[in-house]
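Protein chains in written order, with our numbering: chain A, 206 to 779; chain B, 206 to 779.
Built from N, CA and C at the ideal position, the CB exists for glycine as well.
Okay, structure first, notes after.
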């Protein structure tokens, strides 16, 4: 009956029979139905907009000279890339006007399976921020990986019953779709049956293959890098998510997708965004700002950043400023530079002039106390189990081992032949991937060239996609030391020299995230990176990000997993 | 597993690994995502479009010089207005390119409640045509009515579980919404909870009242009669259904709603369309044709007639020509005149040059044999139960009775004072409304002026909204004869003179519809109307339609129900 009475109260406030709780007076606002700016008092009651026109409120805020636009929605991202917890992520992006995100918890699911997903849902339940999830479609990413969990179509089906789970996340296994892989098609089938969404990931797919991928049911793409590619996908009925994050920056190439009428089928996404860039340049607001600077009509860019996402994801009362819509509002001091004056979530001001209002978001501050959450914390902060790793496990099984070559500024690798021992003088160091989910003692061993390390070891538990421990070292003892320290920290990044920890960043949540503000995390990250550089890591190589991709067996040429070296082009273990 | 294997086969056909079942070669087609016409081979397999490009098919049809557009969807109508069965309705509109309709079974629900709704769902299950339903929101229409059934919010909730039930039909009781009527809000509540649609009906509603109506959850309107009214509703977030039927013709006034960008939020609907006009001018194709003639961009009109409806009703794989969409296609010989060459439903040609292909729609021909359907027929064709009506029940209870005045060309009525007896010379005849659902013997008696009848009686079981028997007569014996004949026919329209049936049209399905082709029904209708005219019914008065509205107690000024005369402005029985 609560929601029944609430509806009654909202109707009365809309009629003007009672004062609305909040009225934004004399606002110029974006009307996403007429694609134009209109003017009026925006009346908000019980978290919802109840009317626009002439209204009185318990609280009234003058909006003269400001522009009010719908709260931004990031339609596709992996929040683990920020290496902060979901709550800290919300803290970071709310002042930038992002009031909802659709996250693919692919990384934490590779570590913790459904426990990781449950943790994200539970830990964000009471936030003045909406985190929707798409069910990771490819866990593990390949059969050469030892991940912490496997997500089957049965699990996908179960989780699709949850209101905040909107569909199946980016289907990276497009060869599996085109080849009619049984389990892949079943995941698609259960999602379509629930009438939920299926996100795509198919860079460069075209023609008959693209038709087949879409026929299978995949309804969006965020991997377009050219106008031509995006237009073909859009013409075939896919929604286009224009990506502008840390790794992928496609906005400039796709700017004309924001022309009429194409913008109506476009959204804006960050995909992956690191803490430094989040703190410095912002989030979806940054994409809108850049789009306008590149010549996009502000109406088009703002609509792609809000209403279009709500429409794609079938979120009926989100993304617009109109009666019946949730009052997620961004007040702009200047439209063209997207200068954010204030952010309202469900009618409550949560941020002013870029600063989070702590009292409006109490759940985000202080220690997490909620019982259930504590339970999840125990599970999610206890994921690094290597067993006892001995020196001999770091030795080659054969006489010689493959040498994986790094390329500055790229994440692809090269085949640099074979070596029999570490030789930092010749830029050949050891690379190990240590299974850390089930304490199997599996260690993949190879050599690495092009990293530049002269002494010590660098290690991380952020290692795509299975997130085992990856460690590069000039010295086996330092490698062992780094592995042990990561187990003590329950995940993170460490730099070791002569048995001494030079710097470290603990990432205890699944070995991927920590519960610190992004600014603080960035400072610590700068320190561990500097320490790695002090041991010789080359310029042009990100000491941790580059390492973290050397275990992802879907990008050519050679990768190392806990099971050994994978030749990606041949799709086989060497 | 059937649908799993089907998906596999469709993927293979999309890849070109096997021939598609049907390819429309070299087609110019409407792309609703780019709002433009494009060219390619449209490959269809297993009822779905699997690709557009260069394809080979088991069957190939050359489309050179033709334009292919998505099948039309009528977003709001009462199919009972056609006075033919759902199957006959499908027969009538398929050759006009309508491949799906969203019907509000308001009339049959007033007679039969859920049995009527079950009948429509069951009798249309196997058709090459889609009938979706919205749950009638106002049964009975008012408390002065004796309807055959009552639909509560519990019933609405139950029926919303069905896939083909898309939401709550036009909420005519907008005063009930604004006044927060408990039962009305509960119907809204259960629909929103199911994330289904809520159609509106609020002619002229504006300002705060409109905000309140939309805040309550109502998301569309089909009652707009001016550009200004439609623009206000659209700006507030409602979808606009542009109506062009037999009774309401709003297209000309609303033609600029089809300008960009507004057309993206518009649909086309017939609401009520009589058999004659259906047969003569067509259905949604007629609205598109007229819109183009009035200056609308064909792309906009065609999209309003197809994709927009699918989007509003959340029908994911309908309304577009793209991979993954159901192959509901209309082939136009000429775009601007919407000259229909052929109609495909789920990839099967069902009509060619305006003629239904009988072999493609076998379920539509011959007798209905299906067992379950037979069961429904028994229920739905046995709805006229008056008990035994005697002459004295046709007498006034008081000395004098109200005289209801008809106005040529209108459905509103006037108060013409009182009379004590029938006097055809003075144009005063008797009007009776006889309860026919539960054989209560209730008969409302009054007088009618302006109808013109000089002798005999005219009667019908189509009598809005409760569909009791309404009969106008110059002679009580003829009135009785007409009532008895309607009971024998189990509904319909009859004209009686001197105890003899001059003409009749049986409508045995709920007393509202018959199982004959619209052309045949129209011929019979012309005969009964001519018979009524022969008894004196005035020009400017439709002998049956005008009668059928004299019992609808929501239109001023006086109406007659089984309970007596209602003063609509005072909303009370006299």
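Which of helix, strand or coil does DSSP assign to residue i?
| i | result |
| --- | --- |
| residue 481 of chain A | helix |
| residue 607 of chain B | strand |
| residue 766 of chain B | strand |
| residue 503 of chain B | helix |
| residue 513 of chain B | helix |
| residue 749 of chain A | coil |
| residue 352 of chain A | coil |
| residue 571 of chain A | Any reading at residue 571 of chain A must be qualified, since the residue scores a pLDDT of 40, below 50, and its modelled position is unreliable; the value itself is stated next. Coil, per DSSP. |
| residue 238 of chain A | coil |
| residue 211 of chain A | helix |
| residue 367 of chain B | coil |
| residue 309 of chain B | coil |
| residue 231 of chain B | strand |
| residue 246 of chain B | strand |
| residue 782 of chain A | Lying outside 206 to 779, the shown extent of chain A, residue 782 of chain A is not represented and no answer is given. |
| residue 694 of chain A | helix |
Comparing alpha-carbon positions, which option in the options lies nearest residue i?
| i | options | result |
| --- | --- | --- |
| residue 423 of chain A | A:433, A:439, A:432 | A:439 |
| residue 220 of chain A | B:629, B:410, B:452, B:345 | B:410 |
| residue 470 of chain B | A:239, A:778, A:211 | A:239 |
| residue 614 of chain B | B:453, B:668, B:308, B:276 | B:453 |
| residue 737 of chain B | B:772, B:752, B:258 | B:752 |
| residue 506 of chain B | B:349, B:459, B:520 | B:459 |
| residue 274 of chain B | B:320, B:480, B:521, B:304 | B:304 |
| residue 732 of chain A | A:608, A:663, A:594, A:336 | A:663 |
| residue 806 of chain B | B:285, B:245, B:560, B:464 | No statement about residue 806 of chain B is possible, as the shown extent of chain B runs from 206 to 779 and does not include it. |
| residue 319 of chain B | B:290, B:361, B:757, B:583 | B:361 |
| residue 669 of chain B | B:705, B:477, B:624, B:692 | B:477 |
| residue 492 of chain B | B:465, B:457, B:520 | B:457 |
| residue 609 of chain B | B:596, B:593, B:627, B:602 | B:627 |
| residue 237 of chain B | B:526, B:268, B:337 | B:526 |
| residue 605 of chain B | B:622, B:436, B:251, B:594 | B:622 |
| residue 660 of chain B | B:637, B:633, B:393 | B:633 |
| residue 190 of chain A | A:754, A:513, A:431 | In this structure chain A extends from 206 to 779, so residue 190 of chain A is not present and cannot be described. |
| residue 674 of chain B | B:655, B:739, B:715 | B:715 |
| residue 210 of chain B | A:272, A:391, A:322, A:433 | A:391 |
| residue 522 of chain B | B:551, B:504, B:497, B:541 | B:551 |
| residue 540 of chain B | B:671, B:234, B:641, B:217 | B:234 |
What's the gap between the Cα of residue i and the Cα of residue j?
| i | j | result |
| --- | --- | --- |
| residue 501 of chain A | residue 232 of chain A | 23 Å |
| residue 368 of chain B | residue 428 of chain B | 27 Å |
| residue 395 of chain A | residue 382 of chain A | 14 Å |
| residue 316 of chain A | residue 718 of chain A | 12 Å |
| residue 776 of chain B | residue 562 of chain B | 51 Å |
| residue 576 of chain A | residue 543 of chain A | 40 Å |
| residue 494 of chain B | residue 414 of chain B | 35 Å |
| residue 246 of chain A | residue 244 of chain B | 48 Å |
| residue 242 of chain A | residue 420 of chain A | 38 Å |
| residue 679 of chain A | residue 289 of chain A | 30 Å |
| residue 745 of chain B | residue 532 of chain A | 52 Å |
| residue 484 of chain A | residue 466 of chain A | 33 Å |
| residue 300 of chain B | residue 617 of chain B | 35 Å |
Measure the beta-carbon distance from residue i to residue j and round it to whole angstroms, keeping in mind my assumption that it falls under 8 Å.
| i | j | result |
| --- | --- | --- |
| residue 279 of chain B | residue 536 of chain B | So it is not a contact: roughly 19 Å between Cβ atoms. |
| residue 742 of chain B | residue 657 of chain B | 5 Å |
| residue 384 of chain B | residue 403 of chain B | Contact doesn't hold; Cβ gap of about 17 Å is too wide. |
| residue 283 of chain A | residue 250 of chain A | Their Cβ separation, rounded to whole angstroms, is 36 Å, which puts residue 283 of chain A and residue 250 of chain A out of contact at 8 Å. |
| residue 375 of chain A | residue 405 of chain A | 6 Å |
Kindly list, in the order they appear in chain C, the residues whose Cβ is closer than 8 Å to that of residue i.
| i | result |
| --- | --- |
| residue 255 of chain B | This model lacks chain C altogether; the protein chains it does include are A and B. |
- Message: Under 8 Å, with one C-beta from each stretch per pair, do the segment 688 to 699 of chain B and the segment 580 to 589 of chain B reach the 3-pair mark?
- Response: yes
- Message: Below 8 Å, how does it come out for the segment 431 to 447 of chain B and the segment 247 to 262 of chain B: are there three or more Cβ pairs, yes or no?
- Response: no
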